[in-house]
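Peer 1: Residue numbers (the working numbering): 1 to 413. After the structure tokens below, expect a handful of questions from me.
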């Protein structure tokens with residue numbers, strides 16, 4: 001048992017290095033949870049709030065996967081690679097099943113030490129990410145830059161919540177402080193504009209949670225400083241001549257679209273694809289147009305509309321999705337697929353809401369994950385990359401497992 005735990009901790013710390021490591025942790029956790037479930041049999045103890053939350057998340061994901069399977073089946077695309085949603089939904093579901101088994105059957109002799117080890121692993125992963133962001137080109141990141149940075153943002157909100165927990169030791173608290181700061185640094189160094197809004201979460205957490213049941217004064221101050229530091233770095237980037245965070249570049253791209261109708265830029269192509277996605281959704285709002293038709297429309301964008309339009313949209317034809325998960329789901333599967341995606345966001349919030357009384361820290365962590373999930377998908381289709389559902393599943397699992405460990409700490413006192 002101890003070997004498995006410390007092996008999982010090592011993999012957790014290395015998740016930011018390669019997507020296959022995240023996959024190994026995800027698959028290993030499922031196999032271990034299944035073995036433990038088989039060995040111990042069904043639990044007869046009353047369902048507590050953490051076990052109930054894990055099972056609720058599992059049920060929500062069953063519904064999500066069902067909606068996505070229906071959407072894909074309507075166009076005969078269940079087994080076709082163009083439709084990524086069933087694959088992502090299955091990864092989330094398997095991760096949730098593993099977590100439900102783990103929190104229901106796990107035993108721990110030193111739960112406080114195990115919880116601290118998880119925080120240390122998250123911090124180590126964020127520190128490794130800083131090194132990667134400094135030494136590697138964006139194209140060489142372990143996964144798509146937005147997806148990789150979104151994973152870091154998940155860990156940032158988890159560590160932010162942990163810092164407000166009153167039962168933390170001084171050492172664990174300081175590890176959390178370092179984790180939040182290096183996560184923010186890694187996201188900024190990655191120059192991933194689509195994840196910058198997630199950096200507001202420490203300020204949101206201080207504003208909303210600070211007035212309620214979370215009373216860790218030092219934690220609130222550190223989060224306030226972290227959030228302000230991130231905002232200051234973003235503001236300084238806008239005012240500097242070199243534009244290190246690529247913010248003025250985005251404004252310039254939008255101006256270029258307005259003045260010259262040229263969509264061959266990172267921001268410009270997104271503007272064009274948003275229009276394309278919205279037109280497809282309004283054409284068939286209930287079931288969409290299907291993944292294959294979506295890809296065909298993108299790859300033939302501007303063709304036959306004149307030489308000038310064809311040249312202005314040539315970057316769009318190289319892509320496979322509309323760079324907005326909401327419109328992507330609406331385009332592929334209409335309201336059916338979009339409802340499944342929105343349920344992954346609302347489901348996280350609802351699961352957090354069920355934990356708010358007994359586990360307020362865990363509740364805020366789940367709210368934070370939902371916030372990151374919602375904002376980072378505004379400029380990307382994160383589920384199109386295998387790394388993202390793995391990191392989302394792992395992050396939710398970390399929150400629920402730590403909630404179980406903290407419950408065990410209280411029971412041992």
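Idealized CB from N, CA, C, for every residue including glycine.
(1) Starting from residue 285, follow the alpha helix (DSSP H) in both directions and report where the run begins and ends.
(2) Thinking residue 109 and residue 291 are a contact (beta carbons under 8 Å), I'd like their distance in whole angstroms, please.
(3) Where residue 271 and residue 186 are concerned, what is the direct C-alpha to C-alpha distance, given to the nearest angstrom?
(4) Express the C-alpha separation of residue 146 and residue 382 in angstroms, rounding to a whole number.
(5) Please report the straight-line C-alpha distance between residue 345 and residue 274, rounded to a whole angstrom.
(6) How many Å lie between residue 35 and residue 84 at the Cα?
(7) Identify the continuous alpha helix (DSSP H) that holds residue 145 and give its terminal residues.
(8) Can you name, in chain order, every residue of its own chain whose Cβ lies under 8 Å from the Cβ of residue 223, other than the five neighbours on each side?
(9) Can you tell me the Cβ-Cβ gap for residue 182 and residue 123, rounded? I've got them flagged as a contact below 8 Å.
(10) Leaving aside the five residues before and after residue 105 along the sequence, list all residues of the same chain whose C-beta is less than 7 Å from its C-beta, in chain order.
(11) Tell me whether the stretch 53-72 and the stretch 10-26 touch, counting them as touching only if at least three CB pairs, one residue from each stretch, are closer than 8 Å.
(12) Does any residue of chain C bring its CB to less than 8 Å from the CB of residue 54?
(13) Among the candidates 126, 174, 378 and 18, whose CA atom is the shortest distance from the CA of residue 197?
(14) State yes or no: is the C-beta of residue 342 within less than 8 Å of the C-beta of residue 403?
(15) Who are the near neighbours of residue 97 in its chain, counting only those whose CB is closer than 8 Å to its CB and skipping five residues on each side?
(16) Go through its chain and collect everything with a Cβ distance to residue 75's Cβ below 6 Å, but skip five positions before and after it.
(17) Which residue marks the beginning of the alpha helix (DSSP H) containing residue 16, and which one marks its end?
(18) Return helix, strand or coil for residue 323, following the three-state DSSP convention.
(19) Pairing CB atoms from the stretch 1-9 with CB atoms from the stretch 114-123, are three or more of them under 8 Å?
(20) Would you decide whether residue 430 is buried or exposed? Buried here means 16 or more other CB atoms lie within 10 Å of its CB.
(21) What's the C-alpha gap between residue 60 and residue 348?
(22) Tell me which residues share the same chain as residue 141 and place their Cβ nearer than 6 Å to its Cβ, disregarding the 5 neighbours each side in the sequence.
(23) Comparing C-alpha positions only, which one of 191, 178, 195 and 208 sits nearest to residue 226?
(24) Reducing DSSP to helix, strand and coil, say where residue 69 ends up.
(25) Would you identify the three-state DSSP class for residue 358, choosing helix, strand or coil?
(26) Inspect the beta-carbon positions of residue 155 and residue 176 and report whether they are closer than 8 Å.
(27) Go through its chain and collect everything with a Cβ distance to residue 21's Cβ below 7 Å, but skip five positions before and after it.
(28) Go to residue 187, then tell me how far its alpha helix (DSSP H) extends in each direction, as first and last residue.
(29) Can you name the start and end residues of the alpha helix (DSSP H) that residue 112 belongs to?
(30) Is residue 290 helix, strand or coil by DSSP?
(31) Count the other CB atoms within 10 Å of the CB of residue 170; is the residue buried (16 or more) or exposed (fewer)?
(32) What's the call for residue 167, buried or exposed, on a 16-neighbour Cβ count within 10 Å?
(33) What separation, rounded to the nearest whole angstrom, lies between the Cα atoms of residue 184 and residue 376?
(34) Beta carbon of residue 71, beta carbon of residue 333: below 8 Å?
(35) Rounded C-beta distance between residue 405 and residue 111? I'm assuming under 8 Å.
Peer 2: Taking the coordinates as given:
(1) Secondary structure note for residue 285: it is in no alpha helix (DSSP H), with a DSSP letter that is neither H nor E.
(2) That pair is no contact at about 49 Å.
(3) Going from the Cα of residue 271 to the Cα of residue 186 covers about 27 Å.
(4) A straight-line Cα-Cα distance of about 8 Å links residue 382 and residue 146.
(5) Cα to Cα, the separation comes out at about 21 Å.
(6) The straight-line gap from Cα to Cα measures roughly 29 Å.
(7) Residue 145 -> alpha helix (DSSP H) spans 145-162.
(8) Within the same chain, residue 223 has close Cβ partners 160, 163, 164, 180, 202, 203, 205 and 206.
(9) Indeed, because the Cβ distance is near 7 Å, the residues count as touching under 8 Å.
(10) Here the set comprises 36, 37, 40 and 43.
(11) Touching, no, given that fewer than three Cβ pairs across the two stretches are closer than 8 Å.
(12) Although the question refers to chain C, the structure presented lacks it and comprises just one protein chain.
(13) The residue with the shortest Cα to Cα distance from residue 197 is 378.
(14) Contact flag unset, no.
(15) The answer, listed in chain order, is 30, 33 and 58.
(16) Counting only Cβ-Cβ distances below 6 Å, and skipping sequence neighbours, we find 290.
(17) Unbroken run through residue 16: none, as it is neither H nor E.
(18) The DSSP-derived three-state label of residue 323 is coil.
(19) Counting Cβ pairs under 8 Å, three or more are found: they touch.
(20) Outside the displayed range of the chain (1 to 413) lies residue 430, so it cannot be described from this structure.
(21) Between residue 60 and residue 348, the C-alpha separation is close to 9 Å.
(22) Apart from the 5 residues on each side of it in sequence, residue 141 sits with its Cβ closer than 6 Å to the Cβ of 148 in its chain, given in chain order.
(23) The residue with the shortest Cα to Cα distance from residue 226 is 178.
(24) In the structure shown, residue 69 sits in a helix (DSSP, three-state: H, G or I).
(25) Here residue 358 sits in coil by DSSP.
(26) No, the Cβ-Cβ distance between residue 155 and residue 176 is not below 8 Å.
(27) So the list reads 11, 14 and 15, once near-sequence residues are dropped.
(28) It spans 170-189 - the alpha helix (DSSP H) in which residue 187 sits, taken as one unbroken run.
(29) Looking at the DSSP string, the run of the alpha helix (DSSP H) that includes residue 112 is 111-135.
(30) Taken through DSSP and simplified to helix, strand or coil, residue 290 comes out as coil.
(31) With fewer than 16 other CB atoms across the displayed protein chains lying within 10 angstroms of its CB, residue 170 is exposed.
(32) Exposed, because fewer than 16 other Cβ atoms sit within 10 Å of the Cβ of residue 167.
(33) Between residue 184 and residue 376, the C-alpha separation is close to 15 Å.
(34) Yes, they are a contact pair.
(35) Yes, residue 405 and residue 111 are in contact; Cβ-Cβ is about 4 Å, under 8 Å.
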